[in-house]
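What follows is a set of notes on a single structure, which appears directly below.
Numbering (this note's numbering), first residue to last: 235 to 339.
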């Protein structure tokens, strides 16, 4: 029984150390959308109030930034992007995760 408790605690500590302040790792986003059915609202709940600096520390530099707005774009796959919008303080205010439909009428 003691071994089981220690194993569970070790796994919990390892998982905690893999995430920066509880930010979902970028390499898990694709699976959360396709396998778990995560929506923009789910990601918003997970990332709301998070600081841009902490997200960049966890996810790495974005692939692009928004023109005219304060936001970043991460390309997870060719057909899957995550767009984060920030307020003036660099805090996440909106999340869009999905297929980009840029340039379509």
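The C-beta atom is built at its ideal place from N, Cα and C for all residues, glycine as well.
Residue i burial status per 10 Å Cβ neighbour count (16 or more: buried)
{"i": "residue 265", "result": "exposed"}
{"i": "residue 339", "result": "For residue 339, the pLDDT reaches just 40, beneath the cut-off of 50, and the residue's location in the model is therefore unreliable, leaving the point undetermined."}
{"i": "residue 284", "result": "buried"}
{"i": "residue 331", "result": "buried"}
Cβ-Cβ distance between residue i and residue j below 8 angstroms
{"i": "residue 257", "j": "residue 289", "result": "yes"}
{"i": "residue 316", "j": "residue 263", "result": "yes"}
Backbone CA spacing between residue i and residue j [nearest angstrom]
{"i": "residue 282", "j": "residue 327", "result": "6 angstroms"}
{"i": "residue 277", "j": "residue 329", "result": "7 angstroms"}
{"i": "residue 301", "j": "residue 269", "result": "32 angstroms"}
{"i": "residue 274", "j": "residue 313", "result": "16 angstroms"}
{"i": "residue 323", "j": "residue 305", "result": "12 angstroms"}
{"i": "residue 286", "j": "residue 325", "result": "6 angstroms"}
{"i": "residue 293", "j": "residue 311", "result": "14 angstroms"}
{"i": "residue 321", "j": "residue 303", "result": "9 angstroms"}
{"i": "residue 271", "j": "residue 319", "result": "22 angstroms"}
{"i": "residue 291", "j": "residue 299", "result": "16 angstroms"}
Residues that residue i bridges to, as DSSP identifies them
{"i": "residue 366", "result": "There is no way to answer for residue 366, as the model of the chain reaches only from 235 to 339."}
{"i": "residue 325", "result": "285"}
*What runs of the alpha helix (DSSP H), each 4 residues or longer, lie entirely inside the region 258–321?*
List check, alpha helix (DSSP H) in window: 260–268, 274–281 and 286–293.
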